[in-house]
Structures are given as structure tokens and as C-alpha cells.
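FYI, in the UniProt record's numbering the residues of the sequence shown are 1 to 559.
I have placed the structure first, in the form of C-alpha cells, so that the comments after it can refer back to it.
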Amino acid sequence: MGSSGDAWKLKDHPKLPKGKTVAVIVLDGWGEAKPNEYNAISVAETPVMDSLKKGAPEHWRLIKAHGNAVGLPTEDDMGNSEVGHNALGAGRIFAQGAKLVDLALASGKIYDGEGFKYVQECFEKGTLHLIGLVSDGGVHSRLDQLLLLLKGAAERGAKRIRVHALTDGRDVLDGSSVGFMETLENDLAKLRGQGVDARVASGGGRMYVTMDRYENDWDVVKRGWDAQVLGEAPHHFKDPVEAIKKLRQEPNANDQYLAPFVIVDDNGKSVGPILDGDAVVTFNFRADRMVMLAKALEYENFDKFDRVRVPKIHYAGMLQYDGELKLPSKYLVSPPEIDRTSGEYLVRNGIRTFACSETVKFGHVTFFWNGNRSGYFDEKLEEYVEIPSDSGITFNVKPKMKALEIAERAREAILSHKFDQVRVNLPNSDMVGHTGDIKATIEACKAADDGVKMILDAIEQVGGIFLVTADHGNAEDMVKRNKKGEPLLDKNGNIQILTSHTLEPVPIAIGGPGLIPGVRFRTDLPTGGLANVASTFMNLHGYEAPSDYEPTLIEVVDN
1 MGSSGDAWKL KDHPKLPKGK TVAVIVLDGW GEAKPNEYNA ISVAETPVMD
51 SLKKGAPEHW RLIKAHGNAV GLPTEDDMGN SEVGHNALGA GRIFAQGAKL
101 VDLALASGKI YDGEGFKYVQ ECFEKGTLHL IGLVSDGGVH SRLDQLLLLL
151 KGAAERGAKR IRVHALTDGR DVLDGSSVGF METLENDLAK LRGQGVDARV
201 ASGGGRMYVT MDRYENDWDV VKRGWDAQVL GEAPHHFKDP VEAIKKLRQE
251 PNANDQYLAP FVIVDDNGKS VGPILDGDAV VTFNFRADRM VMLAKALEYE
301 NFDKFDRVRV PKIHYAGMLQ YDGELKLPSK YLVSPPEIDR TSGEYLVRNG
351 IRTFACSETV KFGHVTFFWN GNRSGYFDEK LEEYVEIPSD SGITFNVKPK
401 MKALEIAERA REAILSHKFD QVRVNLPNSD MVGHTGDIKA TIEACKAADD
451 GVKMILDAIE QVGGIFLVTA DHGNAEDMVK RNKKGEPLLD KNGNIQILTS
501 HTLEPVPIAI GGPGLIPGVR FRTDLPTGGL ANVASTFMNL HGYEAPSDYE
551 PTLIEVVDN
């Protein structure tokens, strides 16, 4: 490596020894919440995780795994596996979501990427359609970003543009949609003055049209599809501002649940259905309420509703909405450029690394952990093992998933003495939690706990150290709740199941025979989060973390 290698050299930790085998275990979707019947983790038999929590208080604590702690714009943004593993591996917080889009628009980099070039191929002969939430709420989208994108696309050859506008009233005040639509119309009028055929083509309220999530109600997406793609809706208007004002006069109407409408020409014909040869961009940056539409736009095999007509389009998201499904396959703004990850530092300092999960989370414990980077840093020092996930079934059918196989491979790696770090992701609580099957999720949590036991037993045998944590919450709360925290019921009096991630903190525990006396969690970092974990395990390997990493969670006190 020569002199360039010196930049990678880590300082030795003054008090912690080198040479211990360190197991880093990530439980996916394992948050901490009050015990109750909808907390699958607390209901499940999880003796190992329970014993870590009840053990030495200085070896167990909670850390943040959502919002600013993982680079997301607001504290209402739940964490996810991609940003979670980015933070765990990188040791620093990188901008994700809205911040990334702002940077890409400000620098113009958004127009140089393959996503924009892909949609640009349709500008000559086709129409550019922009679908998303029109407000300045900043949770799912921002109007200023849409206006910049409109201007940028027109400057780069878009001759015909149609906006499919969803009204908000949830992240902003009800009724504000009229003003947002007026602002949008003003900018479209300016573009028309420059010879660009730019108009609003359809609209509707976000909770009634398009923006459903977690496959709760496909009818919401279908109402949007009918208006946006087919140009069909119960209400026809010539002017979008007029449309919103009129529809808001209906009884009980509000911005969130505005009925779908299309804009028509003088002959009553829709001005902007999506046709073969057109380009489509969904301009929301937040993923959860775009994934269902992305599936309808992108998947050839799709059975959630009758699409009637499936246009051959060039489709890109503002961002990639699902890193596991790689959906959509084209996007305007790439994930953050993350350099100098803990994985690379440790390998460059001779730390032999083994990483393993099953297919659905293998990329998280390798690609996302290593800063959205594929492959090995040094194949002589690393081994990554992917165990194939069950396919063709939903994960609640076999809730144990591959937890024991993953743990078995980790145990072998530990007992082989060939590796210094053995890193795994046990996906059960997340993947089964997403199915909404509480009974199966309880089984899934037990299976993950069994996996942890197998790995900790191996660490015990080799005199090593373990660090157990999670990437975000999920299984600890399986029911939707009102503002008071009480479970919500549906029309028939049944509880409404929550299949999503949560805003809860996650546990982190350390231990093992190799942990020297006097190591404990610091008490001066109450807001510690996932990005503090990398410095922590670098210390356990006997090194100090780079100075710009988030600080370590541990200290060594002289007994």
C-alpha cells in the first residue's frame, strides 16, 4: 500500500487491547417500546436479549435510529434498513432524502445522472409527466423542488410537460392547496410563454388518490392510475385552481381526501393521459407513499388492480424508493457518496472480516454497510456469505427465515479463528413484521433470539467480544395508534395492524469474556444514535476511530 496506506492507519486505543474476535450482530426491525400485547418482541420468548437488558446496566442502552440521527430531514421520518446500515457502517451522518435532492438541484448534478438522461430520451417526441405531492410540507416533497425541476427540464429540451398534482392538507394546513396550485400555475404559464406546452393534467387528495402505503388499499393507487394514465376521473375541469376550489365545496371535503379530477380541453378530452413513448417522474423524495405507484408503473407482472392499459414509458423516481426491491430501477438522485467507512478502515488495518445474512438483508450488511459500495476492499482479508432467502412465499409462512443458518455460519467463522470481525444481520423481526402477522412475528423474534444465542456461545468459547444492536424499529409495535397512543380500530371494530417501521429507539448491548473490566457506556451521550456504533466497535478491536467519526458510546474507567 506504500505511503497512501498511511492515511488509513488507525491509532491504537490507549486502554483497549487488540486481537479479540468481535461479533457485530444487527437485529433488523428490533426497536424498544413498552411491553403490551402488540409488542411482538416483548411477547416473544427472547431470553438472550432479555438477559442483556437485565444484565449490567453499563453494558446496555438505547440509541436513536430515525430522523436526523440517520440523515433524514425531520424527526417524523422513521428509519429504514438502507439509511440505518449506512450510518452503522460509515460512523458519520450523511444527508439522505430531501437534503440530497436539494444538493443535486443546486449543483445541477441531477441533470447529469443516468436517471435524468433516461427520461430525457423521450423529450423529443413524448410528454414528460411529473407526479407527486404539491405543497411545501417538506415531508414527502417540496413545491420549490418541483418548480426547479420543471424549469431545468424545459431548459434541457422538454417541449410538453404535464403535472399530476396531489393535494396535501396533512403536512400543511387544510385549504392551502389552492395557493400551492396558483403558484404552480404561475410557473407553468411562464413556461407556456416560452413556447413549452406545460399544464396540470390531473389531481386529487393524497390520502384518496395515489399516496397509499404498505399495500393498505390499492384502490387509492387505482384512482390515481385512472386519472393520470388513462385520463379518466369522475370530475372534469378546464382549470386546476377552479377544480380545487369547486371540489372543496363538496360536503366534508378537505385537501387530503379531494376527489380525483382530470383537466380537459374544449372538446372534453383529457389533456394529459400517459401514453407510449412518454417519460414519467415521481417527484416525491420520501419513499413510503410512492412505492405502490412505482410498482404499478414499473412491474410487467402486476395483479393488484386492472391497469387496463400499460404504456411503454421511461420512468424514474426522484430517488430509489426501495433499496431491497431496487425500485424504481432508474432515479434522478443517487444515494449519498459515502467514503472512508469503518469496514474499509478496519480491513486496511488488517482486520479480517466475515459478513453474512440471507438474501433480503445481505446487501445491508455488505453494500449499504460499506457506503453503497459493491465488492470486497481486500478479498484476501474478507469473506461475505449470502444465504438464499425463501422465495415464492410471504415471510410469515416460515417466520424462522434463515436465522439459524446465518448464526451457524457466523459460529463457524468465529470458531475458525480466521476472522477478527464477524458481522451478521438477522432479518426476522423486520421482514415478518412487515407482513402484519403478529403471531408469526412473535415466532420470528424468538428465532432471532435463538440466532443471537448461538453466536454469543461461540464468542464465549473464543474469549471474544459481542456488540448487539438494531437498525430501526418495527416488531415492537404492530398496531396503529391514535394521538393518545391507544390502538385504532377499523369500521368492524378490529384493530388496525401496523406493518411499517417505527420511530422507536433501538437497543445496543456489549459483552463477552474479551471485554476488559472498566468498559462501560458513557453517560454523556444521551442522544447517541446508529452513527456512534462504528467508533464503538473500532474501539473493541483496539483502535481509536478517525477524528471526524461520531464519538464512541463507550469509555474505560480504571477500577
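Glycine included, every Cβ here is placed at the ideal spot set by N, Cα and C.
Could you give the first and the last residue of the continuous alpha helix (DSSP H) run that contains residue i?
i    : result
N409 : For the sequence presented, residue 409 should be read as Arg rather than Asn. That run of the alpha helix (DSSP H) goes A403 to L415.
H129 : No alpha helix (DSSP H) contains H129, which is instead part of the beta strand (DSSP E) from L128 to L133.
G89  : S81 to A90
I459 : I438 to V462
L346 : S342 to R348
L148 : L143 to E155
T499 : Run containing T499: none; DSSP gives neither H nor E here.
Y118 : E114 to Q120
L188 : S177 to G193
L275 : Unbroken run through L275: none, as it is neither H nor E.
G224 : W218 to Q228
Considering only residues of the same chain and omitting the five flanking positions on each side of residue i, which have a CB-CB separation below 7 Å?
i    : result
S334 : G113
L456 : V48 and F466
S535 : G91, A545, Y549, E550, P551 and T552
G451 : A403, L404, I406, A407 and L426
N80  : H472 and H501
Going by beta carbon distance, what residues of the same chain come within less than 8 Å of residue i, once the five residues before and after it are set aside?
i    : result
Q256 : T167, D168, G169, R170, D174, G205, R206, M207 and Y208
G2   : Note that G2 scores 42 on pLDDT, short of 50, meaning its location in the model is unreliable; the coordinates nonetheless yield the value given after this. Excluding sequence neighbours, G2 sits near nothing in its chain.
L62  : E32, P505, V506, P507 and I508
K326 : Q320
Relative to the C-alpha of residue i, which candidate in the options has its C-alpha closest?
i    : options                   : result
L498 : M478, P487 and V310       : M478
D322 : P399, R213, I442 and L247 : R213
G277 : H314, L404, G436 and W225 : H314
V354 : V556, E32 and E383        : According to the sequence shown, residue 354 is Phe rather than Val. Checked all of V556, E32 and E383; the closest Cα to F354 is E383.
N267 : A279, H236 and N254       : H236
A440 : S416, A44, P14 and S391   : A44
E121 : V229, A253, A23 and A153  : A153
A470 : G518, K361 and R520       : K361
M401 : L275, S389 and I244       : S389
K245 : M181, F302, G193 and A189 : M181
A243 : V178, S107, E215 and I510 : V178
L105 : D378, F285 and D449       : F285
E460 : I414, I495 and E215       : I414
A287 : D77, L88, G71 and I516    : D77
G157 : A198, K380 and V172       : A198
G89  : H364, D449, D239 and A98  : H364
F94  : N216, M538 and N68        : N68
For residue i, collect the residues of the same chain with a Cβ closer than 6 Å to its Cβ; drop the 5 residues on either side in sequence, then sort them by chain order.
i    : result
P260 : G204, V209, R223, A227 and A233
L130 : V163, V281 and F283
A165 : V134, V200 and G203
V519 : I554 and V556
S42  : P35
L503 : H66 and M78
List the endpoints of the continuous beta strand (DSSP E) containing residue i.
i    : result
L166 : R160 to T167
V241 : Note, V241: premise wrong, no beta strand (DSSP E); alpha helix (DSSP H) at P240 to L247.
A355 : T353 to E358
Y384 : E382 to I387
F237 : H235 to F237
L297 : No beta strand (DSSP E) holds L297; the alpha helix (DSSP H) holding it covers V291 to E298.
T469 : I465 to A470
V556 : I554 to V556
V506 : V506 to G511
V308 : From DSSP, V308 is part of no beta strand (DSSP E); its letter is neither H nor E.
Bridge partners of residue i, per DSSP?
i    : result
S202 : H164 and V262
N425 : V26
D322 : L327
H140 : Paired residue(s): none; H140 is not in a bridge.
Y315 : V280
Under 8 Å, Cβ to Cβ, is there at least one residue of chain B near residue i?
i    : result
A316 : In the displayed structure, chain B is absent; only one protein chain is listed.
Jot down the residue ranges of each uninterrupted alpha helix (DSSP H) in the stretch 17-77, minimum 4 residues, whole runs only, in chain order. If we require 4 residues or more, the alpha helix (DSSP H) runs fully inside the stretch 17-77 come out as 40-43 and 47-54.
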